[in-house]
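**Student:** As they're listed, the protein sequences go chains E and H.
In terms of the working numbering, the first sequence opens at residue 1 and continues consecutively.
In terms of the working numbering, the second sequence opens at residue 1001 and continues consecutively.
2 protein chains.
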Amino acid sequence: MIVALSGGVGGAKLSWGLERSLANEELAVIVNTGDDFILHGLYIAPDLDTVMYTLADLANPATGWGIANDTFHALAMLERYGQPVWFQLGDRDLAIHLARTNLLRQQRLTEVTATLAQALGVRSRILPMSDQRVETRILTPDGELAFQDYFVRRRQQDLVHGVRFQGAEQATLSPEVLAALAQARLIVFCPSNPIISIGPILAVPEMHAAIASAQARKVAVSPIIAGQAVKGPLVAMMQGLGLEPSAPGVARLYADLVDSFILDQQDAHLAPQIAALGLKVTATNTLMSDHSRRRHLAEVVLAQA
Amino acid sequence: MIVALSGGVGGAKLSWGLERSLANEELAVIVNTGDDFILHGLYIAPDLDTVMYTLADLANPATGWGIANDTFHALAMLERYGQPVWFQLGDRDLAIHLARTNLLRQQRLTEVTATLAQALGVRSRILPMSDQRVETRILTPDGELAFQDYFVRRRQQDLVHGVRFQGAEQATLSPEVLAALAQARLIVFCPSNPIISIGPILAVPEMHAAIASAQARKVAVSPIIAGQAVKGPLVAMMQGLGLEPSAPGVARLYADLVDSFILDQQDAHLAPQIAALGLKVTATNTLMSDHSRRRHLAEVVLAQA
């Protein structure tokens, strides 16, 4: 069993590479749910959806999220009715939120996710980080914002002073997550945002302890290449939090948990700073700009086990 | 003020004709909500939607319900997730159920309907028959069925022994309905199914009393032409209930409430049976197969005032 810790787009791409590189071994992807929120009365889990759509080969390649070639007829009508439309919901995409919201009346999020993933033909296990709600809250000069408020509605324009994960202290791990971590021979920290994608996962104390005590090798992949995040507000966010927006800056966040760190070959000169943390360092091409590069990175990751 | 009592397609078409035939006078349409139900966690009000879409010139002309040229991408995905898809929900149509369900958390159905109708540019008042739930239940040899179960899922194949309107006894009229009835100079019983479309409206005791005591002239239009219903299971239903499936059969159901009755010219020979009930009878072309025929019937109706 290989376990990946994932946020949205970047983690989904590496998970895809891992799944397609594994012959007979199973992949379990533990996914951030700190971004989950309720809109139009629907329970929306953006990172779960992105991972599922990506593994099902349904994802929109232009954005990384949503379904390829989706239409937005419902959203156009919602706008006409004066409903909020700052969160893009395609017609094909809408169905997963309706189905999940409905199924959640009777089942845990983990069970609901298994049903949805199976329906989409996903062969890996997709595991929400917890069946309890954990809500990522962003502290800005304008006060504390709900995650999607910061991320989508206000387009990540706010300075980030801090991040907190409401509910994380009380959240517990599902039997499915505990079993996956116990069986893992490798735990992969995907190149997702370490603050708001991997951060919420590790903020659950039981998760942090389970990963720390797992027998598996643990490897992290840098989401920063040459001082730039491949996607999203990571660099500005790390600066706002007083962290160095670089591969070594990310490595420091994970140093107590991982054995190995993979950074982009453009950052090879930074390897000694990471090695100094006691980590094995590998430099390779980490930009997953096409399917073959996803597989390449996955193979480098799997070689760490 | 003209008030129409309406179910779905037939009532919506005559309401359209009435609205377009009225210059400066307002139309209020009191709409059956006995068909309303919850599916996918959404509050769906089929007759309200059909009336609104028709008055907004959005209705699908092929079916009479739903939105013209709608797509069904969300429904196809819902099917993939194993969710029930026996009730057709187009992508554009989905939005009204989402918006309504959301708005109902804070407002009465009458207020929500006003918001939605205004957003669609409807100039008439669309009034749910009550803000309380009334549920039409169909008694069949297989037991009692929820309305949509009988009507859509089981395709009206069951023999109908009886109909009951759960909640009707306790339901009250909204201030908006009371005001409309008080101001009306003409109350129109649209050519909707008298058992399951107009029936639930009249089953609310306060409604029956308010219509009976209203100063307005009251006119009904037969939904049966030459022994056939223009649409739906009315003939078999009337037979199952021991009623004569004809214009006079319908007239008998309304005889205690209406002054006038309009039947199709094909049924002109039946006029004496209806006149014998004490009603003024008019025969005309009642089939609303195009816009000009909707207007024609509306003008004959308005001439009764």
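Yeah, the Cβ is synthetic: ideal placement off N, Cα and C, and Gly gets one too.
Mapping the DSSP letters down to three states, classify residue 1261/H as helix, strand or coil.
**Tutor:** Working through the second sequence from its first residue, we reach residue 1261/H at position 261. In this structure, residue 1261/H counts as strand in the three-state DSSP scheme.
**Student:** Contact criterion: CB-CB distance below 8 Å. Does residue 106/E meet it with respect to chain H?
**Tutor:** Taking the first residue of the first sequence as position 1, residue 106/E is located at position 106. No, no contact with chain H.
**Student:** Evaluate residue 32/E with the Cβ neighbour count: other Cβ atoms within 10 Å of its Cβ, from every protein chain shown; 16 or more gives buried, anything less gives exposed.
**Tutor:** By one-based count along the first sequence, residue 32/E stands at place 32. Label assigned to residue 32/E: buried.
**Student:** Based on the DSSP secondary-structure assignment, which residues constitute the bridge partners of residue 1135/H?
**Tutor:** In the second sequence, the residue the question calls residue 1135/H occupies position 135. Answer by DSSP bridge pairing, in chain order: 1166/H.
**Student:** When we look at the beta-carbon of residue 1294/H and count the other beta-carbons within 10 Å, is it buried (16 or more) or exposed?
**Tutor:** Taking the second sequence and counting its residues from 1, the one referred to as residue 1294/H is at position 294. Classification for residue 1294/H: buried.
**Student:** Counting pairs of Cβ atoms below 8 Å between the segment 1143-1153 of chain H and the segment 1114-1127 of chain H, do you hit three or more?
**Tutor:** Taking a contact to require three or more Cβ pairs closer than 8 Å, the segment 1143-1153 of chain H and the segment 1114-1127 of chain H do not qualify as touching.
**Student:** Helix, strand or coil: which one does DSSP assign to residue 1145/H?
**Tutor:** Numbered from 1 along the second sequence, position 145 holds the residue referred to as residue 1145/H. It is a strand residue.
**Student:** If you follow the beta strand (DSSP E) that residue 280/E is part of, which residue opens it and which one closes it?
**Tutor:** As a working mapping, residue 280/E is identified with position 280 in the first sequence. Unbroken beta strand (DSSP E) run through residue 280/E: 280-284.
**Student:** Does the separation of the CB atoms of residue 1134/H and residue 1249/H fall below 8 Å?
**Tutor:** Position 134 of the second sequence holds residue 1134/H. Position 249 of the second sequence holds residue 1249/H. Result no, Cβ atoms of residue 1134/H and residue 1249/H do not sit closer than 8 Å.
**Student:** Just to confirm the assignment: which complete beta strand (DSSP E) runs, minimum length 3, are found wholly within the segment 36-61 of chain E?
**Tutor:** 37-39 and 42-44
**Student:** Apart from the five residues on each side of it in sequence, which residues of its chain come closer than 6 Å, Cβ to Cβ, to residue 1210/H?
**Tutor:** As a first step, residue 1210/H must be located in the second sequence, where it is residue number 210. Within the same chain, residue 1210/H has close Cβ partners 1181.
**Student:** Can you pull the chain H residues whose beta carbon is under 9 Å from the beta carbon of residue 71/E, in chain order?
**Tutor:** Within the first sequence, residue 71/E is the residue found at index 71, counting from 1. Those are 1071, 1073 and 1091, listed as they occur along chain H.
**Student:** Which residue marks the beginning of the beta strand (DSSP E) containing residue 1218/H, and which one marks its end?
**Tutor:** Here residue 1218/H is taken as the residue at index 218 of the second sequence, counted from 1. For residue 1218/H, the enclosing beta strand (DSSP E) stretches over residues 1217-1221.
**Student:** Determine, for residue 1054/H, whether the minimum Cβ-Cβ distance to residues of chain E falls below 8 Å.
**Tutor:** Counting from 1 along the second sequence, the entry for residue 1054/H is found at position 54. With respect to chain E, the C-beta atom of residue 1054/H has no partner C-beta closer than 8 Å.
**Student:** Taking the beta carbon of residue 1197/H as the centre, do at least 16 other beta carbons fall within 10 Å, making it buried, or is it exposed?
**Tutor:** Locating residue 1197/H in the second sequence gives position 197, where the first residue counts as 1. By the neighbour-count rule (16 or more Cβ atoms within 10 Å), residue 1197/H is buried.
**Student:** Taking C-alpha atoms, which residue in 1088/H, 1231/H, 1167/H and 1093/H lies nearest to residue 74/E?
**Tutor:** One-based indexing of the first sequence puts residue 74/E at position 74. Out of 1088/H, 1231/H, 1167/H and 1093/H, 1093/H has the C-alpha closest to the C-alpha of residue 74/E.
**Student:** Tell me the start and end of each unbroken beta strand (DSSP E) in the segment 1205-1257 of chain H that is at least 3 residues and wholly inside, in chain order.
**Tutor:** 1217-1221
**Student:** Could you tell me whether any Cβ in chain H is nearer than 8 Å to the Cβ of residue 113/E?
**Tutor:** For the purposes of this step, residue 113/E is taken as the residue at position 113 of the first sequence. Not closer than 8 Å to any Cβ of chain H, the Cβ of residue 113/E fails to qualify, so no.
**Student:** With residue 84/E and residue 18/E assumed to form a contact (beta carbons below 8 Å), what rounded beta-carbon distance in angstroms separates them?
**Tutor:** Within the first sequence, residue 84/E is the residue found at index 84, counting from 1. Within the first sequence, residue 18/E is the residue found at index 18, counting from 1. Cβ-Cβ separation between residue 84/E and residue 18/E: approximately 36 Å, too far for a contact (criterion under 8 Å).
**Student:** Just curious, the alpha helix (DSSP H) that residue 1012/H is in, first and last residue?
**Tutor:** Walking along the second sequence from the start, residue 1012/H turns up at place 12. Here the alpha helix (DSSP H) through residue 1012/H covers 1009-1021.
**Student:** Taking a Cβ distance cut-off of 7 Å, strictly less, list which residues of the segment 1033-1066 of chain H are near chain E, in chain order.
**Tutor:** 1040 and 1041
**Student:** Helix, strand or coil, according to DSSP, for residue 1140/H in the structure here?
**Tutor:** Indexing the second sequence from 1 puts residue 1140/H at position 140. Residue state, collapsed to three classes: strand.
**Student:** Using only the alpha-carbon positions, how far apart do residue 274/E and residue 160/E sit?
**Tutor:** On the first sequence, residue 274/E is found 274 positions in, with the first residue counted as 1. On the first sequence, residue 160/E is found 160 positions in, with the first residue counted as 1. One C-alpha to the other measures close to 26 Å.
**Student:** Straight-line CA distance for residue 1009/H to residue 1051/H?
**Tutor:** As a position in the second sequence, residue 1009/H is number 9, starting the count at 1. As a position in the second sequence, residue 1051/H is number 51, starting the count at 1. Those two C-alpha atoms are separated by around 7 Å.
**Student:** Could you check the C-alpha separation between residue 300/E and residue 281/E for me, to the nearest Å?
**Tutor:** Position 300 of the first sequence, counted from the start, is the residue given in the question as residue 300/E. Position 281 of the first sequence, counted from the start, is the residue given in the question as residue 281/E. Spanning the two alpha carbons is a distance of roughly 11 Å.
**Student:** So if DSSP puts residue 100/E in a beta bridge, which residue, or which two residues, is it bridged to?
**Tutor:** Sequence index remark: in the first sequence, residue 100/E carries index 100 (1-based). According to DSSP, which records beta bridges pairwise, residue 100/E is partnered with nothing at all.
**Student:** Which class does residue 1306/H belong to by DSSP, given the choice of helix, strand or coil?
**Tutor:** Within the shown structure, residues of chain H are numbered from 1001 to 1305, placing residue 1306/H beyond reach of any answer.
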